[in-house]
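Enquirer:
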Amino acid sequence: MIILTLNCGSSSVKYQLINTKNKEKLAKGSVERIGMASSIISIATSDDKKKKLTKEILDHTAAVGAILNLMKDKDLKILKSFDEIDAVGHRVVHGGEEFKNSMLITKEVKDKLRENFKLAPLHNPPNLKGIEAAERVLTGRPHVGVFDTAFHSSMPEKAYIYALPYVFYKKYQIRRYGFHGTSHRYVSEYLSKFYKDGAKGKKVITAHIGNGASMAAIVDGKSVDTSMGFTPLEGLVMGSRSGDLDPAIILYIMGLQELSKSEADSLLNKHSGLMGISGLSSDVRDLEEEMEAGNKRAKLALDVYCYRIRKYVGAYAAAMGGLDTLIFTAGVGENSSFLRKSVCGGLDFLGISLDEKKNEEKSSEARKISSEKSKADIFVIPTDEELVIALDTEKIVKESKTT
Ligand code: ADP
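Just so you know, this note's numbering puts the end of the sequence shown at 488, numbered straight through with nothing missing.
This is how it looks when you write it as C-alpha cells:
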C-alpha cells in the first residue's frame, strides 16, 4: 500500500509517503510556519531530489493540499495521481485512557479526541485539525490514528498512579500516560532482528534521547514504566524542558517573580533543560563542542543530562528485577558516543559494559555496542516512527476490509 503519514503540530506538518511493500520512503518533508506570512514547504525524494518553496499557507487544509501538489510535481515524479495514495496514517499525541491501539478514524474516535483536548491542549487540537484537513483533501480514503501514548497503556497501576488524592485520577484522569510510545515500541520490536524471540522473555530499557527525551522499562515486549508522565515534561532533562523537579520549586518561583500560568509553562518547557543550564543551546552537538573548548556551563549541562539518564537505567533495572538489553535511539541516542559512554561508564555492577571502539564507530545502521563480557546487550537502533504509523495503518485498513 502507499500510505501518507502526517504529524501535525500547531504551525507545522511533517509528512512521509511510504510504500509498505518494500518499506521505501517515496518522499518526506514538512510544511513550517503555517498561518504566517511566508510558510516553507520542503520535500525530499527517495533518490535525493529536493525542493523547498516559500508560499502563503493559511491553514492545515492548505498545507496538506500543498504537500500533495508537490507529490505530483513533474520534476519530482513521485505520484501520477492522488488516487495512488491508499490511506493516511496520523500521529496523535494523546490517546488518553481510551486508545490502547491504533484506530480507524471514525466520528466516534474524533469525538473522543475532542474530549482529550483537555489532556493535551497543545498537541491534540492540531492533530485533529490535520485529520480533518486530510479528510477534506483526500476524500474517501481510510484514515488511521496512531497514538504516542498507546504503547504505555500496559503499565501497571503502581507505575501510573501519582501520590495525589485518588479523586484527581478518577475525576480528571490525572495519571502517568507516557509518550514517544511509537518509538519505544519500534526499537523494542526491532530486537527480533537480533534475538530469535525478539523482546519476549527479556527485560529491556529503551532510551529515546532526541530533542524531547524519554525512557521506558519493557518486560516481555510490554511497557511497564516510562519517564514522561501526565505531560511530556516529566523525567529526563531535555533540550529545553526541565524534566523531574521538586514541584514546590515552581510554586516558589511563581511567587518570587509573579509569573502567570503560561509564563511558568514556558519557563519549564522552553527555557529549561540543556538550554537553561548552559545558557547557550539546547543542541547536544553545540554543547559537546563548547565543552571541548573548555566551557564549564556546557559541561555541567551535559553532566546533569547524562546523570539523569543513568539514574533511570538504575531505577528501571530495579523495577524490572534485572536487565537484558539497553537500547539507545533518536537524534542524540543514535549519534552521540559521548552520551552513551557517560551513561554506561562504571555500570559493570549492573552487567552493562560498553565496547568503547564499537561505541565510537559512526553508522546509521542498528548495531550492538556492548563488549563481549557485558551481561546485558547494548544496542543503538535508529528509530522510525513513521514506518510504524504506515504499517499500523496498512494493517488496520486491511482488517477493516475483511470485517
Ligand atoms: P526530535 O525530538 O525533534 O524528533 P531528534 O530525535 O531528531 O529530535 O533529535 C534532535 C537532536 O539530536 C538535536 O537537537 C541534537 O541535539 C541531537 N543530535 C543530532 N545529531 C547529533 C550528533 N551527531 N551528536 C550529538 N547530538 C546530535
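Backbone N, C-alpha and C fix where the C-beta goes; we use that ideal spot for every residue, glycine too.
Keep in mind it's a predicted model, so treat the numbers as computed, not measured.
Would you kindly work out how many angstroms separate the C-alpha atoms of Val398 and Asp310, rounded to a whole number?
Expert: Walking along the sequence shown from the start, residue 398 turns up at place 313. Walking along the sequence shown from the start, residue 310 turns up at place 225. In a straight line, the C-alpha of Val398 is about 12 Å away from that of Asp310.
Enquirer: Does any C-beta atom of chain D lie closer than 7 Å to the C-beta of Ala404?
Expert: Here there is only one protein chain, and chain D is not present.
Enquirer: I'd like to confirm something about Asp440: is its beta-carbon nearer than 6 Å to some heavy atom of the ligand ADP, or not?
Expert: Position 355 of the sequence shown, counted from the first residue, corresponds to residue 440. Not so, every heavy atom of the ligand ADP lies at least 6 Å from the Cβ.
Enquirer: With burial defined as no fewer than 16 other Cβ atoms inside 10 Å of the residue's Cβ, what is the status of Ile334: buried or exposed?
Expert: Residue numbering aside, residue 334 sits at position 249 when the sequence shown is read from its first letter. Answer is exposed; the Cβ neighbour count stays below 16.
Enquirer: Taking Cβ positions, are Val149 and Val229 nearer each other than 7 Å?
Expert: Position 64 of the sequence shown, counted from the first residue, corresponds to residue 149. Position 144 of the sequence shown, counted from the first residue, corresponds to residue 229. In this structure, Val229 does not lie closer than 7 Å to Val149 by Cβ.
Enquirer: Any chance the stretch 253-264 sits against the stretch 444-461, with 3 or more Cβ pairs inside 8 Å?
Expert: The stretch 253-264 vs the stretch 444-461: no contact.
Enquirer: Could you pull the start and end residues of the alpha helix (DSSP H) that Leu155 belongs to?
Expert: Position 70 of the sequence shown, counted from the start, is the residue given in the question as residue 155. From DSSP, the alpha helix (DSSP H) with Leu155 extends over His145 to Met156.
Enquirer: Look at the Cβ atom of Pro211, then the Cβ atom of Phe202, and state whether they are nearer than 7 Å.
Expert: Position 126 of the sequence shown holds residue 211. Position 117 of the sequence shown holds residue 202. In this structure, Phe202 does not lie closer than 7 Å to Pro211 by Cβ.
Enquirer: Is it a yes or a no for the stretch 272-283 touching the stretch 451-469, going by three-plus beta-carbon pairs under 8 Å?
Expert: Counting Cβ pairs under 8 Å, three or more are found: they touch.
Enquirer: Buried or exposed: which applies to Lys288, given that a residue is buried once 16 or more other Cβ atoms fall within 10 Å of its Cβ?
Expert: As a position in the sequence shown, residue 288 is number 203, starting the count at 1. Buried, by the Cβ-count rule.
Enquirer: To the nearest angstrom, how far is the alpha carbon of Ser131 from that of Met156?
Expert: As a working mapping, residue 131 is identified with position 46 in the sequence shown. As a working mapping, residue 156 is identified with position 71 in the sequence shown. Cα-Cα distance, rounded: 12 Å.
Enquirer: Nearest by alpha-carbon distance to Tyr245: which of Glu141, Ala284, Leu198 and Ala302 is it?
Expert: Along the sequence shown, read from residue 1 onward, the residue named residue 245 stands at position 160. Selected option, being the one with the closest Cα: Ala302.
Enquirer: Is the beta carbon of Thr146 sitting closer than 7 Å to the one on Ala218?
Expert: The residue given as residue 146 occupies position 61 in the sequence shown. The residue given as residue 218 occupies position 133 in the sequence shown. In this structure, Ala218 lies closer than 7 Å to Thr146 by Cβ.
Enquirer: Who are Met300's beta bridge partners in DSSP?
Expert: Within the sequence shown, residue 300 is the residue found at index 215, counting from 1. Answer is Ala292.
Enquirer: Is the CB-CB distance between Thr234 and Gly266 below 7 Å?
Expert: Taking the sequence shown and counting its residues from 1, the one referred to as residue 234 is at position 149. Taking the sequence shown and counting its residues from 1, the one referred to as residue 266 is at position 181. Their beta carbons are under 7 Å apart, which means Thr234 touches Gly266 by this criterion.
Enquirer: Take Gly416 and list the residues in its own chain whose beta-carbon comes closer than 6 Å to its own, dropping the five residues that flank it on each side.
Expert: The count along the sequence shown starts at 1 and reaches residue 416 at position 331. Once the five neighbours on either side are set aside, the close Cβ partners of Gly416 are Gly295.
Enquirer: Using CA atoms only, rank isn't needed, just tell me which of Ile103, Met376 and Glu374 is closest to Ala129.
Expert: Within the sequence shown, numbered from 1, the residue matching residue 129 stands at position 44. If we check each option's Cα against that of Ala129, Ile103 comes out closest.
Enquirer: So does Asp368 have its beta carbon nearer than 6 Å to some heavy atom of the ligand ADP?
Expert: For the purposes of this step, residue 368 is taken as residue 283 along the sequence shown, with counting starting at 1. Checking every heavy atom of the ligand ADP against the Cβ of Asp368, one is found closer than 6 Å.
Enquirer: Relative to the ligand MN, is the shortest distance from any of its heavy atoms to the C-beta of Val173 smaller than 6 Å?
Expert: Of the ligands this structure carries, namely the ligand ADP, none is the ligand MN.
Enquirer: Give the DSSP bridge partners of Gly174, in chain order.
Expert: Counting from 1 along the sequence shown, the entry for residue 174 is found at position 89. Beta-bridge pairing links Gly174 to Thr90 and Val229.
Enquirer: I believe Leu321 touches Arg393 by the beta-carbon criterion, under 8 Å. Please report the beta-carbon distance rounded to the nearest angstrom.
Expert: To locate residue 321, count along the sequence shown from 1; it is residue 236. To locate residue 393, count along the sequence shown from 1; it is residue 308. Between Arg393 and Leu321 the Cβ distance is about 5 Å, and since that is below 8 Å, they are a contact.
Enquirer: Per DSSP, which residues does Ala112 bridge with? Please list them.
Expert: Here residue 112 refers to the residue found at position 27 when the sequence shown is read from its first residue. Looking at the DSSP assignment, Ala112 forms a beta bridge with Leu102 and Thr130.
Enquirer: Met405 and Val482: beta carbons closer than 7 Å?
Expert: What you label residue 405 is simply residue 320 of the sequence shown in a count that begins at 1. What you label residue 482 is simply residue 397 of the sequence shown in a count that begins at 1. Cβ atoms of Met405 and Val482: not closer than 7 Å.
Enquirer: Report yes if the C-beta distance between Val178 and Ala151 is below 7 Å; otherwise report no.
Expert: As a first step, residue 178 must be located in the sequence shown, where it is residue number 93. As a first step, residue 151 must be located in the sequence shown, where it is residue number 66. Going by C-beta atoms, Val178 is not nearer than 7 Å to Ala151.
Enquirer: Can you have a look at Gly324 and say buried or exposed, based on whether 16 or more other CB atoms are within 10 angstroms of its CB?
Expert: Numbered from 1 along the sequence shown, position 239 holds the residue referred to as residue 324. Buried: at least 16 other Cβ atoms inside 10 Å.
Enquirer: Could you please give the first and the last residue of the uninterrupted beta strand (DSSP E) stretch that includes Lys447?
Expert: Within the sequence shown, numbered from 1, the residue matching residue 447 stands at position 362. Careful: Lys447 lies outside any beta strand (DSSP E) and carries neither H nor E.
Enquirer: Under three-state DSSP, which class holds Leu439?
Expert: The residue you call residue 439 lines up with position 354 of the sequence shown. Strand.
Enquirer: Could you please give the first and the last residue of the uninterrupted alpha helix (DSSP H) stretch that includes Leu198?
Expert: Taking the first residue of the sequence shown as 1, we reach residue 198 at position 113. That run of the alpha helix (DSSP H) goes Lys192 to Glu200.
Enquirer: With distances taken Cα to Cα, identify the nearest neighbour of Glu471 among Gly297, Tyr100, Asn420 and Lys136.
Expert: Within the sequence shown, residue 471 is the residue found at index 386, counting from 1. Residue Tyr100 is the option with its Cα nearest to Glu471.
Enquirer: Hey, which unbroken runs of the alpha helix (DSSP H) at 4 residues or more fall wholly within the stretch 303-381?
Expert: The stretch 303-381 contains these whole alpha helix (DSSP H) runs: 332-342, 346-355, 358-363 and 369-377.
Enquirer: Roughly how many angstroms lie between the CA atoms of Ile454 and Asp433, to the nearest whole one?
Expert: Reading the sequence shown from its first residue, position 369 is the one you call residue 454. Reading the sequence shown from its first residue, position 348 is the one you call residue 433. Those two C-alpha atoms are separated by around 14 Å.
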